[in-house]
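**Q** Residue numbers (the numbering used here), protein chains in the order written: chain A, 43 to 270; chain B, 43 to 270.
All residues carry an ideal CB built from backbone N, CA and C; glycine is no exception.
Being a predicted model, the structure only gives us computed values, none of them experimental.
One structure coming up, written as structure tokens, with questions to follow.
There are 2 protein chains.
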Amino acid sequence: MNIGIFGTGGVARAIAIKLVTLGHTVMLGTRNVEETKSRTQGDTMGNPSFSDWLQKNGTVKVGTFAEAASFGELLMNATSGGGSLPALEAAGENNLNGKVLIDISNPLDFSKGFPPSLTVSNTDSLGEQIQRAHPLLNVVKALNTLSNPLMVNPELVNGGDHTLPICGNDADAKQKVTALLNTFGWKNENILDLGDITNARGTEAFLLLWVRMYGAFKTPMFQFKIVK
Amino acid sequence: MNIGIFGTGGVARAIAIKLVTLGHTVMLGTRNVEETKSRTQGDTMGNPSFSDWLQKNGTVKVGTFAEAASFGELLMNATSGGGSLPALEAAGENNLNGKVLIDISNPLDFSKGFPPSLTVSNTDSLGEQIQRAHPLLNVVKALNTLSNPLMVNPELVNGGDHTLPICGNDADAKQKVTALLNTFGWKNENILDLGDITNARGTEAFLLLWVRMYGAFKTPMFQFKIVK
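Pasting the structure below:
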């Protein structure tokens, strides 16, 4: 399948590599293609420069947000929280309408350092903001509750036995996303459908606990498993 | 040990019963003792009336917030979020200073129905507000991430094997709280000390996810276990 991913950072790259491994064709969307491709400095999160990464992963295409949106039969948002609405705006309604978007972003605010707070929370969420701004796009919030190695290789902790909450307004869209998640290694019994997109308030707010646990554990290689 | 609990609702009652079973002497603190004792109506959460409950649990004392605070060598806050700061204010500095307070409260706002939002979150927390208002009280945030039957009987789900995050500024206070939690059935390996009281932002924000999961599961008998 042709998949368009908004973003070129650690999450976008991890997802792109996994999708290519699974036989999909991927285009990453960015604001300025030439500027992104010419980056030779690693980022502050320890990721290699984009040009180095692209050289090693040459089958991944790079385009504008609009090109990636047009290319993708399925779309994924892996931009930073602050970049999400502008990226979707740049993608263009015609390239979005009727498609499924997996929204992995979190509205993290690092302006006061670590741990971050959220730019939107409690009575609203970034997932809802994206859905409201693009009512004909089928937004499914997923994969935003864990570190990017675990998104695409859940078996890296506890043999893959931990909980992934998802939410969204459209049942068919959630079914498509679940099928893709299955190919990433997520078992159906660990995918928890919370309901409509307002539940993104819950899964995004979890980041406020996640960053505290990351601070305590000194590693992002953990996740929660709901037990009953 | 003499333990003072602020509050007379479901959480306060569950904790009181457990503490009595464990041999402690408990005083519940309330705003108006006679009014509380005369309540013959059950509450909206399905709890029996306070007078019925007290009749069955006659060894539990009832006093004002100040009397409960003075009585307790250890204190617990089980008031509603909105009632917490007024209760502590009414308790009086002399009855609080130097003591340990286990803060179980969550700043839930039900004004728009279920699921609730939080009255304080993201860049502050109720736990921090209580600690700032009473700097000589040793606040330990604990037990606020799960339903009251599980607080005092963790073995009711997954044989007790799930995670309880705690936080607070004072290491000795956290050690005392941990020792009490052990007697409730919490194993040390499941008690996760996140650090100082600012981590209450994380554990209180978890409620925004908890209420969504409660909505999905239709039961409060679940908890998260951190897996690595």
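Quick one: which residues of the segment 157-170 of chain A get their C-beta closer than 7 Å to a C-beta of chain B? List them in chain order.
**A** Residues passing the 7 Å Cβ filter: S159, L160, S163, N164, T165.
**Q** In three-state DSSP terms, what is L171 of chain B?
**A** Strictly speaking, residue 171 of chain B in this sequence is Gln, with Leu absent from that position. It is helical.
**Q** How would you call T261 of chain B, buried or exposed, if buried means at least 16 neighbouring beta carbons within 10 angstroms?
**A** With fewer than 16 other Cβ atoms within 10 Å, it is exposed.
**Q** At a Cβ cut of 9 Å, what residues of the segment 228-258 of chain A count as close to chain B, listed as they run along the chain?
**A** Within the segment 228-258 of chain A, the qualifying residues are L234, D235, L236, G237, T240, N241, R243, G244, T245, E246, A247, F248, L249, L250, L251, W252, V253, R254, M255, G257, A258.
**Q** Determine, using beta carbons only, whether N148 of chain A comes closer than 8 Å to chain B.
**A** No, its Cβ sits nowhere closer than 8 Å to a Cβ of chain B.
**Q** Which same chain residues, not among the five before or five after P90 of chain A, have their C-beta less than 8 Å away from its C-beta?
**A** Excluding residues within five positions, the ones whose Cβ falls inside 8 Å are G84.
**Q** Taking Cβ-Cβ distances below 7 Å as the criterion, which residues of the segment 183-200 of chain B are in contact with chain A?
**A** Hits within the stretch, in order: V199, N200.
**Q** Interface residues of chain A around V269 of chain B at Cβ under 8 Å?
**A** Under the 8 Å cutoff, chain A gives V199, N200, D203, H204, F264, Q265, F266, K267.
**Q** Residues bridged to G105 of chain B by DSSP?
**A** Paired residues: B:G71.
**Q** If I follow the unbroken alpha helix (DSSP H) through M193 of chain B, where does it start and stop?
**A** That run of the alpha helix (DSSP H) goes 190-194.
**Q** Does M87 of chain A pass the burial test, meaning 16 or more other C-beta atoms within 10 Å, or should it be called exposed?
**A** Result: exposed.
**Q** Using beta carbons (cut-off 8 Å, strictly below), is V75 of chain B in contact with chain C?
**A** As a matter of chain content, chain C is missing from the structure shown, whose protein chains are A and B.
**Q** Could you check what DSSP says for G124 of chain B in three-state terms: helix, strand or coil?
**A** Here G124 of chain B sits in helix by DSSP.
**Q** CB-CB under 6 Å to T72 of chain B, same chain, minus the five flanking residues each way: which ones, in chain order?
**A** Once the five neighbours on either side are set aside, the close Cβ partners of T72 of chain B are T50, T78.
**Q** From V181 of chain B to D203 of chain A, what does the alpha carbon distance come to, in whole angstroms?
**A** Using only the alpha carbons, I get a separation of about 35 Å.
**Q** Determine the direct distance from the alpha carbon of L222 of chain B to that of W228 of chain A, and round the result to whole angstroms.
**A** Going from the Cα of W228 of chain A to the Cα of L222 of chain B covers about 38 Å.
**Q** Ends of the beta strand (DSSP E) at G100 of chain B?
**A** Premise fails: G100 of chain B is in no beta strand (DSSP E) and is neither H nor E.
**Q** Determine the direct distance from the alpha carbon of F248 of chain A to that of N164 of chain A, and round the result to whole angstroms.
**A** Rounded to whole angstroms, N164 of chain A to F248 of chain A spans 11 Å at the Cα level.
**Q** Distance, Cα to Cα, I144 of chain B vs L188 of chain A?
**A** In a straight line, the C-alpha of I144 of chain B is about 30 Å away from that of L188 of chain A.
**Q** In its own chain, which residues sit with a C-beta less than 6 Å from the C-beta of L234 of chain B, not counting the 5 before and 5 after it?
**A** If we look at L234 of chain B and ignore the five residues flanking it on each side, its Cβ neighbours are T205, P207.
**Q** Kindly indicate which residue of A:N195, A:G52, A:K270, A:L251 has the alpha-carbon position closest to the one of A120 of chain A.
**A** Nearest C-alpha to A120 of chain A: A:G52.
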